[in-house]
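Here's the structure, in structure tokens; my notes come after.
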Amino acid sequence: MNIYKKIEAEILTASNIVITAHKSADGDSVGSSLGLLHFIEKLGKSAVICHPDKAPGFLHWLDTSEILLMDENPEEVANKISKADLIFCLDYNAISRVGPEMESLLAASTAKKIMIDHHLNPEDFPDIIVSETTASSTSQLIVDLIEQSDNLDVLDAKIGTPLYLGILTDTGSFRFNSVKPRTHEVLAKLLAAGVEHHLIHEKLSDNNTETRLRLQGFAMSEKLEVLYDYNVAIISLSKEELAKYKYVKGDTDNLANLVLSIKGMRAAIVFTERDGIMKISFRSKGAENPVNLLAKEHFNGGGHANAAGGMSELSVEETLVKLKSLIPEYFSN
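The opening position of the sequence shown corresponds to residue 1 in the UniProt record's numbering, with each subsequent residue numbered one higher.
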């Protein structure tokens with residue numbers, strides 16, 4: 001029995017299924033969760049999604065009302081997890097990535113846990129691990145689950161639309177080198193199932209607010225620093241600057257990719273002051289310019305070679321100085 005058939009068997013015998021994903025929701029964590037939920041429903045079972053926090057606004061065209069949030073309904077989430085006999089751990093490789101509140105609930109749970117993820121160095125807390133680091137996204141792996149458990153006939157637009165979204169966002173609109181022939185094979189299956197890909201692109205691209213555009217304009221015109229000796233660009237935004245432009249979650253999500261579009265740039269780093277810490281986004285181009293080591297070794301983070309995240313407890317100014325001091329070490333070639 002292949003691992004995906006084994007997962008199907010676990011779904012069919014479970015009574016209370018919970019789907020979890022990492023803190024600071026993104027397109028892949030939300031897309032894979034919703035895609036898996038609708039697949040489970042097609043199998044005649046029910047499940048509930050429990051996430052640490054709310055999805056950013058640009059994803060709200062999906063039906064995210066089905067997602068219970070730890071930071072809004074802690075008692076309900078705790079109740080669901082305590083009663084679960086099967087818990088899916090999607091798009092994260094370490095239990096700490098769900099945040100301390102949900103981490104303690106998962107650690108205490110006796111439910112069988114299944115990890116489906118594509119990040120490096122997975123921890124061994126789950127009972128079943130699907131860790132495919134060459135996959136473009138966790139959403140792609142959910143399609144693999146559907147196909148390799150011999151359930152491709154149930155794949156439809158309701159299941160496929162969030163999965164397409166997850167692949168789209170986690171590959172930078174198919175520009176990252178994580179895109180392989182298999183990725184396009186999966187996309188073809190989603191289109192054949194009725195996914196209207198052009199509408200997904202429109203809903204992601206044509207939903208800017210005035211304040212979001214003004215914030216991004218300010219960041220590009222006033223806060224962009226380009227280190228041309230290394231072809232690395234940095235943007236830093238303080239909490240006061242974010243407040244001035246009425247920042248809401250998701251407003252800066254595309255800034256790093258926007259900066260990376262500058263001709264000749266090897267890497268882009270954007271950090272914002274939120275919740276008392278600096279949250280850092282690293283993006284780069286090509287296998288010769290990895291950013292995950294910089295994130296892991298100096299900013300308590302990690303991720304993919306060309307897309308990683310991290311954090312700093314230093315001030316905005318101190319974080320900027322630290323980053324600039326490290327650039328020559330990582331981008332001198």
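We put the CB at the ideal spot given by N, CA and C, even for glycine. Quick caveat: nothing in here was measured; it's all calculated off a predicted structure.
Checklist entry - Met102 lies in the alpha helix (DSSP H); which residues open and close that run? => result Taking the sequence shown and counting its residues from 1, the one referred to as residue 102 is at position 102. Where Met102 is concerned, the enclosing alpha helix (DSSP H) stretches over 100-108.
Checklist entry - Helix, strand or coil: how does DSSP classify Met265 here? => result Within the sequence shown, numbered from 1, the residue matching residue 265 stands at position 265. Residue state, collapsed to three classes: coil.
Checklist entry - Expressed to the nearest angstrom, what Euclidean distance is found between the alpha-carbon atoms of Arg175 and Asp229? => result Reading the sequence shown from its first residue, position 175 is the one you call residue 175. Reading the sequence shown from its first residue, position 229 is the one you call residue 229. Each residue's Cα considered, the two are about 25 Å apart.
Next on the checklist: Tell me the DSSP secondary structure of Glu119 in three-state form.
Outcome noted: One-based indexing of the sequence shown puts residue 119 at position 119. Just to set this straight, residue 119 is His in the shown sequence, not Glu. The answer is coil: DSSP assigns His119 none of H, G, I, E or B.
Item to check | Element boundaries [alpha helix (DSSP H), containing Phe88] | outcome: Translated into positions along the sequence shown, residue 88 becomes position 88. Phe88 -> not in any alpha helix (DSSP H); beta strand (DSSP E) instead, spanning 86-90.
Checklist entry - Per DSSP, what kind of secondary structure is Ala94 in: helix, strand or coil? => result By one-based count along the sequence shown, residue 94 stands at place 94. Residue state, collapsed to three classes: coil.
Next on the checklist: Taking its Cβ as the centre, do 16 or more other Cβ atoms sit within 10 Å of Thr138, making it buried, or is it exposed?
Outcome noted: Counting from one through the sequence shown, the residue named residue 138 turns up at place 138. When all chains shown are included, Thr138 counts as buried.
Checklist entry - Is the segment 156-164 close to the segment 104-122, with three or more CB pairs under 8 Å? => result no
Item to check | Touching by the beta-carbon criterion (3+ pairs, under 8 Å), the segment 44-58 and the segment 278-288 | outcome: no
Item to check | Exposure label - Gly264; buried when at least 16 CB within 10 Å | outcome: Reading the sequence shown from its first residue, position 264 is the one you call residue 264. The residue in question, Gly264, is exposed, as its Cβ has fewer than 16 Cβ neighbours within 10 Å.
Next on the checklist: In this structure, how does DSSP classify Leu314 when only helix, strand and coil are distinguished?
Outcome noted: One-based indexing of the sequence shown puts residue 314 at position 314. Three-state DSSP puts Leu314 in coil, outside helix and strand.
Item to check | Contact set for Met70: own chain, Cβ-Cβ below 6 Å, skip 5 residues either direction | outcome: If you number the sequence shown from 1, residue 70 lands on position 70. So the qualifying residues of the chain are Pro52, Val77, Glu101, Met102.
Checklist entry - Hey, would you say Ala21 sits closer than 8 Å to Leu90, going by beta carbons? => result Residue numbering aside, residue 21 sits at position 21 when the sequence shown is read from its first letter. Residue numbering aside, residue 90 sits at position 90 when the sequence shown is read from its first letter. Yes, Cβ-Cβ distance for Ala21 and Leu90 is below 8 Å.
Item to check | Ile49 vs Ile19 beta-carbon contact at 8 Å | outcome: As a first step, residue 49 must be located in the sequence shown, where it is residue number 49. As a first step, residue 19 must be located in the sequence shown, where it is residue number 19. A contact, by the Cβ cut-off of 8 Å.
Checklist entry - When we look at the beta-carbon of Ala192 and count the other beta-carbons within 10 Å, is it buried (16 or more) or exposed? => result Within the sequence shown, numbered from 1, the residue matching residue 192 stands at position 192. Looking at its Cβ environment, which holds fewer than 16 other Cβ atoms inside 10 Å, Ala192 is exposed.
Checklist entry - For the alpha helix (DSSP H) that contains Ser143, what are its first and last residues? => result Residue numbering aside, residue 143 sits at position 143 when the sequence shown is read from its first letter. In the sequence as displayed, the identity of residue 143 is Val instead of Ser. Start and end: 138-148.
Checklist entry - The beta strand (DSSP E) with Leu199 in it runs from where to where? => result Mapped onto the sequence shown, residue 199 falls at position 199. Note, Leu199: premise wrong, no beta strand (DSSP E); alpha helix (DSSP H) at 197-205.
Checklist entry - For Thr252, which option in Glu240, Val270, Ala308 has the closest C-alpha, if you only look at C-alpha atoms? => result Start at 1 with the first residue of the sequence shown, and residue 252 comes out as number 252. Of the candidates Glu240, Val270, Ala308, the one whose C-alpha sits nearest the C-alpha of Thr252 is Val270.
Item to check | CA-to-CA distance, Ser332 to Val232, given in whole angstroms | outcome: In the sequence shown, residue 232 corresponds to position 232, counting from 1. In the sequence shown, residue 332 corresponds to position 332, counting from 1. Using only the alpha carbons, I get a separation of about 10 Å.
Checklist entry - When DSSP labels each residue in this structure, what does Thr171 get in the three-state scheme? => result Position 171 of the sequence shown, counting from 1, holds the residue named residue 171. Coil, per DSSP.
Item to check | Run of the beta strand (DSSP E) containing Val226, from where it starts to where it stops | outcome: Locating residue 226 in the sequence shown gives position 226, counting from the first residue. 224-227 is the extent of the beta strand (DSSP E) around Val226.
Next on the checklist: Given a cut-off of 8 Å on the beta-carbon distance, is the pair Thr169 and Asp63 in contact?
Outcome noted: Translated into the one-based positions of the sequence shown, residue 169 becomes position 169. Translated into the one-based positions of the sequence shown, residue 63 becomes position 63. No; because the gap between Cβ atoms is not below 8 Å, this pair is not in contact.
Checklist entry - Looking at the unbroken beta strand (DSSP E) that takes in Thr20, where does it start and where does it end? => result Counting from 1 along the sequence shown, the entry for residue 20 is found at position 20. 17-21 is the extent of the beta strand (DSSP E) around Thr20.
Next on the checklist: Considering just the uninterrupted stretch of the beta strand (DSSP E) at Lys249, what are its terminal residues?
Outcome noted: The sequence position of residue 249 within the sequence shown is 249, counting from 1. Careful: Lys249 lies outside any beta strand (DSSP E) and carries neither H nor E.
Checklist entry - What whole-angstrom Cβ distance do Met278 and Ser312 have, given they're in contact under 8 Å? => result For the purposes of this step, residue 278 is taken as residue 278 along the sequence shown, with counting starting at 1. For the purposes of this step, residue 312 is taken as residue 312 along the sequence shown, with counting starting at 1. Yes, they are in contact, since the Cβ atoms of Met278 and Ser312 sit about 4 Å apart, within 8 Å.
Next on the checklist: Can you tell me whether Asp28 is buried or exposed? The criterion is at least 16 other CB atoms within 10 Å of its CB, across all chains shown.
Outcome noted: By one-based count along the sequence shown, residue 28 stands at place 28. Counting Cβ neighbours within 10 Å, Asp28 comes out buried, since at least 16 surround it.
Next on the checklist: By the three-class DSSP mapping on this structure, what secondary structure does His60 have?
Outcome noted: Taking the first residue of the sequence shown as position 1, residue 60 is located at position 60. Coil, per DSSP.
Checklist entry - Do you know how far the Cα of Gly31 is from the Cα of Ile81? => result Your numbering for residue 81 matches position 81 in the sequence shown. Your numbering for residue 31 matches position 31 in the sequence shown. Using only the alpha carbons, I get a separation of about 21 Å.
Next on the checklist: Would Ile129 and Pro122 qualify as a contact pair, given that the criterion is a beta-carbon distance under 8 Å?
Outcome noted: On the sequence shown, position 129 is the one that residue 129 refers to. On the sequence shown, position 122 is the one that residue 122 refers to. It is a contact, given that the beta carbons lie within the stated cut-off.
Checklist entry - Is the segment 206-219 touching the segment 243-258, taking contact as three or more C-beta pairs under 8 Å? => result yes
Item to check | Assigned secondary structure, Met278 (DSSP; H/G/I helix, E/B strand, else coil) | outcome: Taking the sequence shown and counting its residues from 1, the one referred to as residue 278 is at position 278. If DSSP states are grouped into helix, strand and coil, Met278 belongs with the strands.
Next on the checklist: DSSP three-state label for His304, please.
Outcome noted: The residue labelled residue 304 in the question sits at position 304 within the sequence shown. The answer is coil: DSSP assigns His304 none of H, G, I, E or B.
Item to check | Buried or exposed by the 16-neighbour rule on C-beta atoms within 10 Å, applied to Gly35 | outcome: The residue you call residue 35 lines up with position 35 of the sequence shown. Buried, since its Cβ has 16 or more Cβ neighbours within 10 Å.
Checklist entry - Excluding the five sequence neighbours on either side, which residues of its own chain have a C-beta within less than 8 Å of the C-beta of Ser109, listed in chain order? => result Position 109 of the sequence shown, counting from 1, holds the residue named residue 109. Excluding residues within five positions, the ones whose Cβ falls inside 8 Å are Ile81, Ser82, Ala84, Ile87.
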